[in-house]
Structure formats: C-alpha cells, structure tokens
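If you read the sequences in order, they're chains C and B.
Numbering-wise (this note's numbering), the first sequence opens with residue 3 and increments by one.
Numbering-wise (this note's numbering), the second sequence opens with residue 3 and increments by one.
Glycine included, C-beta positions come from ideal geometry on N, C-alpha and C.
Working notes, structure below.
There are 2 protein chains.
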Amino acid sequence: MHAFAIRESRVTRQPSPITGRADLAKRKRVLRWQRDPEGMRLRILEAAKQEFSAHGIGGARVDRIAQKAGANKRMLYYHVGNKEDLYLAVLEGAYEKIRAEERELDLEHLAPPEAIERLIDFTWNYFIRNPEFLALLNTENLVKAKNLKRSTKIKSMHSPFVEMIRDVVQRGVASGDFRVAVDPVQLYISIAALSFFYLSNSATLSVVFGRDLLAREARDERLQHMVALVLAALTGKSTALFAKGVKEKPAKPRSPAHHTA
Amino acid sequence: MHAFAIRESRVTRQPSPITGRADLAKRKRVLRWQRDPEGMRLRILEAAKQEFSAHGIGGARVDRIAQKAGANKRMLYYHVGNKEDLYLAVLEGAYEKIRAEERELDLEHLAPPEAIERLIDFTWNYFIRNPEFLALLNTENLVKAKNLKRSTKIKSMHSPFVEMIRDVVQRGVASGDFRVAVDPVQLYISIAALSFFYLSNSATLSVVFGRDLLAREARDERLQHMVALVLAALTGKSTALFAKGVKEKPAKPRSPAHHTA
DNA sequence: GTACAAATTAACCCGTTGGATAATTACTGT
DNA sequence: ACAGTAATTATCCAACGGGTTAATTTGTAC
C-alpha cells in the first residue's frame, strides 16, 4: 500500500547535509529502511496523542491511531502496549514536554511585575501552541486522574513554577512592587485557570457569546485582560490596559465595547 | 425485576399532602401505575446526565443509561431518541438549569463589591453542587461544541450575567468603588475560569500538588483567594484576606454570602 | 367487556472494536 | 552465505454496542 511511501517520506534520523559520494549507498539504504523502531514509536505516540486529545479515551479508536501513524495495528501493541498503555504514554509525554519548557523559563532575573507578566504570557502561549494538552488534561480529569495516579513518572515531575512564583512574590513584596503576599499555589492555579478555561472552553463560549474567541483580536484582548487583572491585584496599580476597550494608542480601529451583539 | 420497586419509590408527581378519603383509591392507582411516561422520561434524562458526565460521549453506554434509569433500553429510543438525541437533551437540560438559577440572582440591589463577591460565590457553589455540568461542558468542548451549535434552544438562552456585570461595574466606577471599567465579558469569563478550572481539574491538580483540593479547608481557602483576587483588582484595595494563610477573623468559620450549604 | 392506543419488554441484528495468532519480511552479526 | 532476531503484516475473532423488530402488557374510551 502507501505505507511504504509514508515510511520513506517521514525520516526520523536526518542524514547529514554534507554527504560524500562514499556513503551515498549507505544513505540510500537508510532512506529505504523498512525498519525504524524509534521513528515508528514516535509516530505512534504522536498519532495516539492526536486521537486521544481529539476524541477522549472512550472515543479514541486504536485502528485510527494505527492508520494515522502509518502503521499496522499490531505495531501499537509491539512498541507501546494496549490502549491503556498507549494513553498513559501520551499523558506522560505531554507532562514531560510542558515541564521541560517550564524549566527554561527563568523568572528570577526579572523584576516581579515583569516576571508575572512573563509567566502569564508563557502559560497562555503554551496552551495555544498545545491544544492537545488541554484536551488531555480534561480527559484525564474525567477519569478522576486514575492514570496520573499510577504514573510514578509523572508524579515525580514537579513544576518549577510554584517555587518560582514564591520567589517572585517574595521579592515583589520586599521591593514594594506587590502589596500582599499571595499563596503561590493559589496564584499558580489562578493564572493557569484564566488561560485554560478560556481556551479549553472557547468552542462553547464562542457560541454563547456569538463571536469567535479564538480570533486574533479576541486572543490579544484576552491576554491583555489577564495580565492587567493579575497585576492590578498584586500591585494595586491599575495598569491602564485594564480599562474596557481602552488602549493607549487610540489610532487603532479596534471595536471598543460592542461585545455580545 | 426491581424495576417495579424503583418505579414505585420514585414518584414524580408528589401526591398532595392533604388527601381526603375520597381520592384514596385514585391515588393508590397512581402509585401503582406501571405506565408513567413523564417520570420515565425524567429518570432517563437523569441517568443519561450521570452517564455522559461520568464517561463522556464516547465512553457513555446506552445500556448503562437504561439500567440506571430502571428502564428497558427500548424506552430510551421511545421517549427521547438515539444516543445523540439523548446527549443533546441532557446538555439542554443542563443549560436550562443554570440559566434559571442565574436569573434568580439579582446583583442590582447590592453595593458593587458585594455584588461581585456574591457573583463569585454563586458561581463557585453552583459548580460544586453540579459537577456534572462541568464535565458536560468539557465533553461538549471536546467535540467543538457541535451539539450546542445545532441547539437553537440553548443558543436562545442568554446568560443574564453579562448585563448584570456591566451594570455593576458601571455603578462601581461611578461610586468610586472600582477604579477601572472592565469588559463585562472578560470579567465574566475570568470569574467562571477561576472556579471552573480549579474544580474541573481538581483530580489532576490534587495529584500534582500532593494534597486534596476538594477538602473543606482547601475549598474555603480557594473561595477566599478568588474573591480577594478579583476585588483587589477592581477596587485597588487589598482586601486583607488576600494574604497568604491569613484570615482576619480566626473565630468565624467564614463564608460571607453562602447561600449554599 | 371490548376495542384501541400507549407504554413496556424481550430478543435479536449486525457492524465495530480491541486484541490475538501466526506467518512474513528486513536487518544483524558472524 | 546463513542463521537468528527484530520488525512488520495479513487475517481472524469473540465481545460489545447501538439500534431495531415484534410481541406483550397496561390503561382508556365507549
């Protein structure tokens, strides 16, 4: 079938750009490789992620995962395991990924208000870039986190954000930027909540409000609102932006107040 | 089977408390009725709500709904329709219910800060009292709100909250209680978000943070935090409560406007 | 009480689905 | 060249799941 074509087109180990005539044969062999366990596994995991995040656990179809991965169904069991194993692997991968990116964000070097803004910005954009993550979390919560619970791997991956926030808040209070000490966990949850809910529920909310919440403008407005809300609460200074349709650059067209027709 | 027992125990039309001897016969007949379309339909819908909210669309089992409703499977199709119809009916019921309760909340008579606090309190407690609603919304968003979109019924049910908030914010700004005018839609979403995310994701979050977020204390703390966060942002005054583990009234069990046990 | 409609049940149908078996193919070390 | 192992495929199947058919029971009208 076309399985072969797919296999050829998706090369996991990219051949080195500068290729001497000597290893041309070898390279050709690599491209033609029928067996590629690593690549296969990755493709399976990616396909499974798509499937589970698009349809939930109950709605996911093992056959579809195989098809999307360009693999025989048997391969799923060979490389990963049954449906449940497949799901757990996807979930673990999702947590690994976000934790990795979180770690790269250092808020320590920023002034407290900027650090908070950065944090919100990161969270927001991470969710936008990884919509499957949102869906997976919802899916996992539907089953009361039973898979997360049995994953020692995930349980050992602590988010660095709580400590980061604790530090930032402490510094902010000390410097006078912030007026009050907030519980870092609560603040972390709140910041995640503001982005998560908006994006995860954008479909129903868009219908209810009769406008596309994922449109460029709407997204920008939302980010602005969230930053303003949190910073206003922390600093006590109303960061201008916080006002209704107000933006300090009045030249721009922008629809001021007529939301919800 | 025990279907009969269930049918007898769950009476939908409650008999009037004062019952004359005259209609005793009639009443007895009612109680013995094998046929009870209304009651049956309600039980089916309730069972379907449980099933869909517990397992999602793909994970829901029609047989299980029938069983839970104490009905024959054929009855589902007879009274409501196929699985899809069943789901839509549940979704519509859920929206009807929250809209109805929302309408009863009048914020117009309260001072702006109290109105906001009341609003947060209501939202929070409604979600706690109706966990299926959260699950249903997530489920519906998983399918990109496709069912919501085709429900003219739901689309015609506008939440009164946006206008309520608009009014409250306007009054707040006028009275000087609030410093800035916020977009009511954004504020509405934010308030919903703070509660929704916490509760909807409490399972995974509890694992990640290693503590039960649904425990009494944790819930109280969360409500406190949310109110403080939003009010601080709006008023500019840091409502003390906002501080870490601080509660200024150590004696009182807290819960200012708790109209929900 | 008898005819008629409404409500309810039992049993079955048949495509789907997760999973398993066994055979086949591609690569590896020697 | 060859044996042995790893990867992959084709095929099958038993259970399940949504939905339907046809009969049966129960109440109602006359």
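For G60 of chain C, the residues of chain B that pass the 8 Å Cβ criterion are H57, G58, I59, G60, G61, A62, in the order they occur in the chain.
At a cut-off of 4 residues, the continuous stretches assigned as alpha helix (DSSP H) that sit fully inside the stretch 132-196 of chain B are 133-144, 148-151, 154-157, 163-177. Taking a C-beta distance under 7 Å as the contact criterion, V171 of chain C and V184 of chain C qualify as a contact pair. Annotation: G58 of chain B to S204 of chain C spans about 18 Å, alpha carbon to alpha carbon. Contact between the stretch 194-211 of chain C and the stretch 119-136 of chain C is present: 3 or more CB-CB pairs across the two stretches fall below 8 Å. By the CB criterion at 7 Å, L138 of chain B and T206 of chain C fall outside the cutoff.
Straight across, the Cα-Cα distance linking I67 of chain B with A49 of chain B is about 5 Å. With contacts defined as CB atoms closer than 7 Å, P114 of chain C and D169 of chain C fail to qualify as a contacting pair. Inter-residue distance for E116 of chain C and R221 of chain B is about 30 Å (C-alpha atoms, whole angstroms). Contact residues of the stretch 183-206 of chain B toward chain C are A183, V184, D185, V187, Q188, I191, S192, A194, A195, L196, F198, F199, Y200, S202, N203, A205, T206 (C-beta to C-beta distance below 7 Å). When Cβ-Cβ separations below 7 Å define contact, L150 of chain C makes contact with chain B. For the C-beta of F135 of chain C, not a single chain B residue is nearer than 7 Å; the gap to the nearest is close to 12 Å. DSSP, reduced to helix, strand and coil, places H81 of chain C within a helical segment of the structure shown. Contact annotation, Y190 of chain B with F211 of chain B: C-beta distance approximately 27 Å; criterion of less than 8 Å not satisfied. At a C-beta separation below 7 Å, S158 of chain C has no neighbours in chain B, since its nearest C-beta there lies roughly 11 Å away. Here A235 of chain C is near A235 of chain B, since their CB atoms are less than 7 Å apart.
For R218 of chain C, the enclosing alpha helix (DSSP H) begins and ends at 218-237. In this model, K157 of chain C and R101 of chain C are separated by some 12 Å (Cα to Cα).
With respect to the C-alpha of T141 of chain B, the residue from B:D38, B:S55, B:W126 having the closest C-alpha is B:S55.
Here R181 of chain C is near G238 of chain C, since their CB atoms are less than 7 Å apart. In this structure, the beta-carbon distance from L136 of chain C to S202 of chain C falls below 7 Å. The shortest CA-to-CA distance from A230 of chain B to any of B:I193, B:L215, B:D214, B:A217 is the one to B:I193. Between the C-alpha atoms of R213 of chain B and R43 of chain C there is a straight-line separation of about 35 Å. L112 of chain C: not part of any alpha helix (DSSP H); DSSP gives it neither H nor E. Counting along the chain, L215 of chain C sits inside no alpha helix (DSSP H), nor does DSSP assign it H or E at all. Here R45 of chain C is buried. Its C-beta has 16 or more other C-beta atoms within 10 Å. Residue environment for S240 of chain B: buried (at least 16 other C-beta atoms within 10 angstroms of its C-beta).
For A176 of chain B, the nearest beta carbon of chain C is not closer than 7 Å to its own beta carbon. At least one beta carbon of chain B lies nearer than 7 Å to the beta carbon of H227 of chain C. N143 of chain C counts as buried, since no fewer than 16 other beta carbons sit within 10 angstroms of its beta carbon. Taken through DSSP and simplified to helix, strand or coil, L107 of chain C comes out as coil. Around the C-beta of T154 of chain B, fewer than 16 other C-beta atoms lie within 10 Å, and the residue is accordingly described as exposed. In the three-state reduction of the DSSP assignment, A62 of chain B falls in the coil class. Contact of L90 of chain C with chain B is not assigned, every C-beta pair being separated by 7 Å or more. Excluding five sequence positions before and after R63 of chain B, the CB atoms of its chain that fall closer than 8 Å to its own CB belong to E53, H57, given in chain order.
With a threshold of 7 Å between beta carbons, V170 of chain C makes no contact with chain B.
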